[in-house]
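Asker:
In my numbering, the protein residues as written are 1 to 102.
In structure tokens:
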């Protein structure tokens, strides 16, 4: 069941890659910029897909991989749920930006 949980290292990795700090090393800054510019990333052993989905959300082109049971029962459902959230947020933003809608 290890693939069905979020590891602390995932959170730390995402903080480093997606939340730039002024004190970040130049190499880390290059990774951060690359991700936003569509860097191609392949995540091996994606588990629930948190890291890959998050990197894709900020601009990376991501390929998630894992065992078939995790792909079918964790990665795909999580991506589908989060895709719907993104679409709903976009629709809500569009509606609030439309004239005559408050």
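We put the beta carbon where it would ideally sit given N, CA and C, even for glycine.
Computed from a prediction, not measured in an experiment: that's the story for all the values here.
Tell me whether the beta-carbon of residue 43 lies closer than 8 Å to the beta-carbon of residue 65.
Answerer: By 1-based counting over the chain shown, the position of residue 43 is 43. By 1-based counting over the chain shown, the position of residue 65 is 65. Yes; because the gap between Cβ atoms is below 8 Å, this pair is in contact.
Asker: For residue 40, which beta-bridge partners are listed by DSSP?
Answerer: Against the chain shown, residue 40 aligns to sequence position 40. Note: residue 40 sits in a beta bridge opposite 61.
Asker: Is it true that the segment 29-36 meets the segment 66-80, where meeting means three or more beta-carbon pairs spaced less than 8 Å apart?
Answerer: no
Asker: For residue 82, which residues from the same chain have a beta carbon less than 7 Å from its beta carbon, with the 5 sequence-adjacent residues on both sides left out?
Answerer: In the chain shown, the residue the question calls residue 82 occupies position 82. Closer than 7 Å at the Cβ level, and outside the excluded window around residue 82, lie 53.
Asker: Is it right to say residue 75 is buried, meaning 16 or more other beta carbons lie within 10 angstroms of its own, or is it exposed?
Answerer: Translated into the one-based positions of the chain shown, residue 75 becomes position 75. When all chains shown are included, residue 75 counts as buried.
Asker: Taking buried to mean at least 16 other C-beta atoms within 10 Å of its own C-beta, is residue 23 buried or exposed?
Answerer: Taking the chain shown and counting its residues from 1, the one referred to as residue 23 is at position 23. Classification for residue 23: exposed.
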